[in-house]
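Residue numbers (my numbering): 62 to 776. Glycine is no exception: its CB is placed at the ideal position from the N, C-alpha and C atoms. All figures in this text were calculated on a predicted structure; none of them were measured in a lab.
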């Protein structure tokens with residue numbers, strides 16, 4: 062939990078608002094809404110500010126009460142008291158965070174910047190407090206006498222480690238330096254993210270003539286015309302850098318010059334030497350993170366970050382990434398030969414560039430498999446896809462969904478909401494889907510929540526979970542028809558939602574799993590998306606209602622691995638760049654992050670036509686925080702998810718109830734009570750093998766291999 066120094070000025074600000082407390086929803090005893098969901102439409106920016114400040118002050122008082130307690134420190138009066146402190150602060154953070162990332166405004170961005178240094182100081186006030194740490198350490202050192210169960214033991218371990226990783230073992234001079242570093246890093250990460258959001262939503266490529274859009278599907282042309290009109294350019298066509306807007310240009314537009322313009326605009330977000338440029342911010346972040354790591358006794362930042370993850374160290378990360386890199390590059394080179402052949406078919410003889418890749422790879426895919434993804438999308442209407450997602454959740458776990466959009470509070474008019482009903486008939490969780498791009502919404506897709514699962518005495522408090530995506534919208538007479546990639550994303554994010562629905566722990570401090578384990582529930586859920594049985598449920602033509610023909614299903618299956626060279630290399634390139642930056646032992650004062658990225662990848666032999674999925678200046682996973690020295694986690698978890706799905710396949714039934722019950726019991730429910738490898742072995746009965754991943758990506762050419770205690774080895 063985050064905490065700030067409560068200055069006299071802020072005390073006055075808070076005290077002066079006492080008459081308004083009754084009108085601040087956060088400060089009321091009850092929201093007065095179904096399931097106590099936040100009444101979004103009633104909350105003002107001043108309500109957030111007031112509640113944040115009061116929440117920090119309340120937690121400060123709770124921490125002081127723990128310190129002043131004269132009783133011998135024990136699990137309840139120290140560890141549990143600390144774990145449950147900051148209730149109001151948690152309450153407001155869980156509402157503001159999702160709103161700020163999906164409905165960002167000038168007001169929310171200003172408040173984020175205003176509070177960022179206060180939150181950093183607030184956290185440091187807790188974890189650098191020697192009196193509090195002394196009590197925590199006393200409980201930790203004497204834990205055997207408290208008779209703790211497994212969950213309690215894990216909470217104690219987590220709390221103790223959080224203090225150690227938070228700098229509790231440093232001297233006073235080092236603590237002061239750490240405070241300074243934490244504050245600077247926090248503000249830089251926020252600034253990076255805000256710059257990127259602006260660059261994504263407000264970088265436009267404008268087209269004056271319709272003939273320049275030859276090949277672009279009609280729905281995308283209409284969306285571009287609408288965007289132009291909304292931006293005062295009626296009669297023109299505009300594309301911003303949200304993927305649903307710019308990707309179709311790269312995939313379908315015959316106009317090579319236009320593809321080039323869009324490609325450059327997308328990959329150079331944050332690298333345009335304007336007021337939103339992220340190069341210097343990125344350099345500072347890498348520098349400050351290294352300084353923090355060394356202050357904490359580590360030789361580089363990756364060592365600090367990986368210490369509490371499944372991978373444990375950077376050698377294990379590189380071993381996995383390097384092992385997949387070689388076959389991925391080979392596959393990408395094969396695809397490039399196909400692209401060259403397609404270029405010749407078009408009567409040209411130029412060497413393909415990055416902006417040719419998606420366009421000609423799509424043509425090569427059509428030539429090889431006679432599959433037209435634009436036609437496939439006619440069977441992938443978004444509401445039907447969601448029915449398919451719900452179908453899988455029902456078949457595996459017995460969940461049903463009761464729509465409550467007209468009953469629950471609304472934070473966004475296009476979002477929908479549901480009660481999630483468990484197989485015993487009880488409400489398990491509450492779910493919001495927020496699928497469409499808009500101004501103020503970050504790029505990409507993510508799963509968040511307005512409340513985590515918790516307990517109030519013996520009563521389980523229901524989580525409020527949100528899937529946020531940027532899917533293709535309805536256009537003209539066509540509903541919101543999705544690409545294969547978009548459908549995969551929807552299933553992915555719902556896998557995270559399932560994890561949040563089913564988590565059942567008694568202490569907030571044991572709810573989180575390792576960063577490189579967290580993608581297992583999301584990525585395994587993708588495997589059901591295009592199974593024939595599932596397609597028969599949701600893949601229906603938007604005009605006729607015809608179920609997708611089996612012939613087309615077979616084409617989807619046959620073509621699924623095509624393009625995996627490109628997809629794998631661009632992912633690995635970003636993961637390797639993330640690691641390369643954060644394994645630096647010294648950071649040159651004149652470091653140019655873009656040149657560094659290019660140099661390292663060229664040394665590895667990356668095809669010149671492929672950029673990393675995210676270049677440093679738009680790489681929010683690592684520079685915005687959250688996945689710093691951790692973007693490899695998707696690949697690490699893919700080893701797990703492919704091997705885990707194989708367990709279902711081995712039974713002969715992808716909806717095998719016994720296997721689903723085991724996955725729920727050992728993976729989805731325990732939170733972080735066990736470490737990731739223990740949870741996986743509890744489910745699978747052994748450590749995961751990497752061969753299922755390589756086979757899934759069409760890269761398996763060697764004998765099967767296995768993941769053993771974080772090390773990738775040949776069997």
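Are the beta-carbon atoms belonging to residue i and residue j less than 8 angstroms from one another?
i	j	result
residue 530	residue 732	no
residue 328	residue 695	no
residue 166	residue 501	yes
residue 575	residue 686	no
residue 562	residue 528	no
residue 358	residue 315	no
residue 404	residue 541	no
residue 259	residue 362	no
residue 224	residue 265	no
residue 569	residue 728	no
residue 684	residue 343	yes
residue 340	residue 654	yes
residue 347	residue 642	yes
residue 163	residue 495	yes
residue 708	residue 745	yes
residue 55	residue 414	Any answer about residue 55 is impossible in this case: the structure gives the chain only from 62 up to 776.
residue 557	residue 706	no
residue 396	residue 626	yes
residue 86	residue 98	no
Let me check understanding here. Comparing Cα to Cα, which of the options lies closest to residue i?
i	options	result
residue 147	183, 130, 173 and 138	183
residue 372	743, 698 and 721	698
residue 424	195, 620 and 144	620
residue 603	141, 291, 538 and 102	538
residue 429	521, 358 and 618	618
residue 374	189, 640, 421 and 214	640
residue 189	169, 237 and 152	237
residue 235	218, 246, 252 and 356	356
residue 560	674, 198 and 509	509
residue 135	86, 172, 204 and 100	204
residue 217	242, 668, 144 and 264	144
residue 382	693, 625 and 724	693
residue 545	521, 289 and 309	309
residue 663	390, 543 and 742	390
residue 752	398, 735, 730 and 384	384
residue 152	100, 181, 142 and 186	100
residue 366	84, 760, 222 and 609	222
residue 523	506, 492, 499 and 197	492
Per DSSP, which one or two residues make a beta bridge with residue i?
i	result
residue 509	527
residue 445	Answer is none; residue 445 lacks a bridge partner.
residue 542	442
residue 669	Paired residue(s): none; residue 669 is not in a bridge.
residue 298	268
residue 491	480 and 525
residue 458	Partner(s): none; residue 458 has no beta bridge.
residue 463	480
residue 517	520
residue 536	539
Is it the case that the CB of residue i approaches a heavy atom of the ligand ADP more closely than 7 angstroms?
i	result
residue 87	This structure lacks the ligand ADP; in fact it carries no ligand of any kind.
Between the region 255–275 and the region 293–312, are three or more C-beta pairs nearer than 8 angstroms?
Output reads yes: the region 293–312 touches the region 255–275.
Is the region 594–607 touching the region 449–467, taking contact as three or more C-beta pairs under 8 angstroms?
yes
Flag this pair as touching only if the region 220–232 and the region 319–335 have three or more C-beta atom pairs under 8 angstroms; answer yes or no.
Taking a cut-off of 8 angstroms on C-beta distances, the region 220–232 does not touch the region 319–335, as fewer than three cross pairs fall below it.
Taking 8 angstroms as the cut-off, does the region 646–666 touch the region 344–359 (at least 3 CB pairs, one atom from each stretch)?
yes
Pairs of beta-carbons, one from the region 95–114 and one from the region 157–176, closer than 8 angstroms: are there three or more?
yes
Does the region 305–315 come close enough to the region 527–542 to have 3 or more Cβ pairs within less than 8 angstroms?
yes
Three CB pairs or more closer than 8 angstroms across the region 546–555 and the region 706–723
Counting Cβ pairs under 8 angstroms, fewer than three are found: no touch.
Enumerate, from N- to C-terminal direction, the unbroken alpha helix (DSSP H) stretches of 4 or more residues contained entirely within the region 328–384.
Taken in chain order, the complete alpha helix (DSSP H) segments of 4 residues or longer contained in the region 328–384 are 340–356 and 362–367.
Just list the alpha helix (DSSP H) runs in the region 697–746, keeping only unbroken ones of 4 residues or longer that don't cross its boundaries, in chain order.
The qualifying runs are 718–724 and 737–745.
Do the region 629–643 and the region 471–478 meet, that is, are 3 or more Cβ pairs less than 8 angstroms apart?
no
Fully enclosed by the region 572–600, which alpha helix (DSSP H) runs are 4 residues long or longer?
581–587 and 593–599
Contiguous alpha helix (DSSP H) assignments of at least 4 residues, all confined to the region 157–215:
167–188 and 191–202
Contact between the region 662–681 and the region 330–345 (3+ Cβ pairs under 8 angstroms):
yes
For the 8 angstroms Cβ check, are there 3 or more pairs between the region 416–434 and the region 570–587?
no
Three or more C-beta pairs closer than 8 angstroms, one from the region 95–111 and one from the region 120–128: is that the case here?
no
I want to know whether the region 285–293 touches the region 503–516 - three or more CB-CB distances under 8 angstroms.
no
Could you tell me which uninterrupted beta strand (DSSP E) segments, each at least 3 residues in length, are contained entirely in the region 232–292, listed from first to last along the chain?
266–268
What residue ranges within the region 602–646 form continuous beta strand (DSSP E) runs of no fewer than 3 residues, ordered along the chain?
none
Using 8 angstroms as the Cβ pair cut-off and three pairs as the minimum, do the region 149–162 and the region 192–203 touch?
no
With a floor of 4 residues, list each alpha helix (DSSP H) that falls wholly inside the region 76–141, ordered by position along the chain.
106–129
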